[in-house]
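Numbering (full-length UniProt numbering), first residue to last: 1 to 282.
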Ligand SMILES: [Mg+2]
């Protein structure tokens with residue numbers, strides 16, 4: 001989860017001002033969390049509160065609650081229109097909007113971080129996604145991201161990770177980061193964000209390098225780095241302390257509280273990272 005938030009904050013200043021090299025400051029004064037973080041926190045908050053009372057309408061109420069707390073964080077136009085209607089329409093009649101936007105993959109990391117079996121991961125990713133992104137590509141983007149996080153955490157062979165994703169989801173992961181940097185353009189769909197984010201992780205040497213790869217290809221930088229960061233966190237299991245410190249100090253108290261509570265739940269999966277989260281969110 002924190003890997004996603006780090007990617008969002010680092011990428012925030014490059015989304016509309018692409019920076020096609022790996023040389024840049026990870027954090028400047030203007031670096032800030034955006035919609036990617038808010039939606040990820042909403043999903044984590046829902047998972048933490050879910051005990052014995054799950055349900056998709058409740059999940060939407062969490063997305064709505066966090067949207068209302070932070071309504072100006074560069075949400076997509078369609079998401080904004082959809083979530084605003086939650087005020088007007090009774091929740092049982094609230095329909096998904098058939099989205100295949102990369103929003104489904106940007107918010108999915110808490111599902112994968114809090115689960116151990118692949119079967120449950122795929123089911124829960126679908127459950128969380130189809131409240132809004134019920135298009136087949138929207139569900140696929142979230143399931144592929146979530147399953148790569150679970151595999152990255154539990155399996156350490158990148159070749160196997162890659163083969164699993166290619167065979168199960170049919171994504172083309174054959175490009176290199178250098179090739180993407182030449183041709184990639186702004187795109188907010190799952191099908192043109194998730195594979196690219198995965199390539200940026202596969203080619204990386206550590207967590208920071210993965211985030212630098214993601215920003216360096218351009219495009220929807222905050223969301224790309226968010227998805228890449230969520231996978232890289234699971235795989236490397238270590239994030240430099242100063243990066244966590246810089247990230248957490250840019251978060252408001254209510255988001256820090258969710259982070260703390262979430263890492264209490266998942267600390268056996270992420271022991272080193274959880275320790276740093278506790279240190280900076282207390
Ligand atoms: Mg964003």
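We treat Cβ as the ideally placed atom computed from N, Cα and C, and that holds for glycine.
**Asked** Residues bridged to residue 189 by DSSP?
**Response** 101
**Cβ-Cβ separation, residue 194 to residue 225 (assumed contact under 8 angstroms), whole Å** = No, residue 225 and residue 194 are not in contact; Cβ-Cβ is about 13 angstroms, not under 8 angstroms.
**Request:** Please find out if some non-hydrogen atom of ligand 1 comes closer than 8 angstroms to the beta-carbon of residue 104.
**Result:** no
**Asked** Sorry if obvious, but does the Cβ on residue 80 come closer than 8 angstroms to a heavy atom of ligand 1?
**Response** no
**Request:** Give a yes or no on whether 9 angstroms exceeds the smallest Cβ distance from residue 37 to chain C.
**Result:** No chain C is part of this structure, which consists of one protein chain only.
**Item:** Span of the alpha helix (DSSP H) around residue 153
**Value:** 136–154
**Prompt:** Can you list, in chain order, the residues of its chain whose CB lies under 8 angstroms from that of residue 101, leaving out five sequence neighbours each side?
**Reply:** 76, 78, 79, 133, 138, 188, 189, 190
**Request:** Leaving aside the five residues before and after residue 262 along the sequence, list all residues of the same chain whose C-beta is less than 8 angstroms from its C-beta, in chain order.
**Result:** 1, 44, 47, 48, 110, 113, 114
**Request:** Count the CB pairs spanning the region 212–219 and the region 233–251 that are closer than 8 angstroms, and state whether there are at least three.
**Result:** no
**Message:** Once DSSP output is grouped into helix, strand and coil, what is the label at residue 118?
**Reply:** helix
**Prompt:** residue 250 lies in the alpha helix (DSSP H); which residues open and close that run?
**Reply:** That residue, residue 250, is in no alpha helix (DSSP H); it is neither H nor E in DSSP.
**Message:** Checking 9 angstroms against the spacing of the C-beta atoms, do residue 272 and residue 238 come in under that value?
**Reply:** yes
**Prompt:** In three-state terms, what does DSSP make of residue 184?
**Reply:** coil
**Message:** Suppose contacts are defined by Cβ-Cβ distances below 9 angstroms. Is residue 182 in contact with residue 207 by that definition?
**Reply:** no
**Request:** Verify whether the separation of the beta carbon atoms of residue 209 and residue 22 is less than 9 angstroms.
**Result:** yes
**Prompt:** Should residue 223 be listed as close to ligand 1, given that the test is whether its C-beta is under 8 angstroms from any heavy atom?
**Reply:** yes
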